[in-house]
Amino acid sequence: AEGRHRRVSWLLGQQGDLAPTEHAELTGLLRRGDTYDASSYSASHAAFKAEQNAVFASLASSLGGAASPVVYLDGPDGGSTSALRAAGFATDQLHVANPHASTCAALSAPPHSLEHVAHASAEEALASEQWRSRAFC
Numbered sequence: 006a007e008g009r010h011r012r013v014s015w016l017l018g019q020q021g022d023l024a025p026t027e028h029a030e031l032t033g034l035l036r037r038g039d040t041y042d043a044s045s046y047s048a049s050h051a052a053f054k055a056e057q058n059a060v061f062a063s064l065a066s067s068l069g070g071a072a073s074p075v076v077y078l079d080g081p082d083g084g085s086t087s088a089l090r091a092a093g094f095a096t097d098q099l100h101v102a103n104p105h106a107s108t109c110a111a112l113s114a115p116p117h118s119l120e121h122v123a124h125a126s127a128e129e130a131l132a133s134e135q136w137r138s139r140a141f142c
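Dropping the structure here:
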């Protein structure tokens, strides 16, 4: 799973320069779904991830305040989303990008119920018509 994740990340980073075979490879890898699985983490790693999400939420609150929109990456478990909500961010302020359709579906559905989920890389989402005019913290 880690090797596939690295390959997807590399291919996504090459978006404008992909050969047709690389584009087909990326499409196939993305169809296989997200490699992120929070349930596979050890208790100590899960605690580390929770701490990192809390730090991110605190930083977002410091930079823009809980009234500013924030863009971030999240997995299907919604760990970052939960931390941002705990810090006072409202659902309409949360903007997530993820290249995996299954993860986007999980983040759009309850219990997360996010309104702004882009099925795209962060770079593509930020350049999109819907997001490029927004000032994110």
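Counting in the numbering used here, the sequence shown runs from 6 upward without gaps. Backbone N, C-alpha and C fix where the C-beta goes; we use that ideal spot for every residue, glycine too.
**Q.** residue 58 versus residue 88 - alpha carbon distance
**A.** 6 Å
Q. Leaving out five residues before and five after residue 64 in sequence, what residues of the same chain have Cβ atoms less than 8 Å from its Cβ?
A. Around residue 64: no qualifying Cβ.
Q | Classification of residue 95 by the beta-carbon crowding that lies within 10 angstroms, buried from 16 upward | A | exposed
**Q.** Local conformation of residue 72 per DSSP, three classes
**A.** coil
Q: Only counting runs of 3 or more residues, tell me where the beta strand (DSSP E) segments fall wholly within the stretch 51-127, in order along the chain.
A: 75-78, 99-103, 121-124, all fully within the stretch 51-127.
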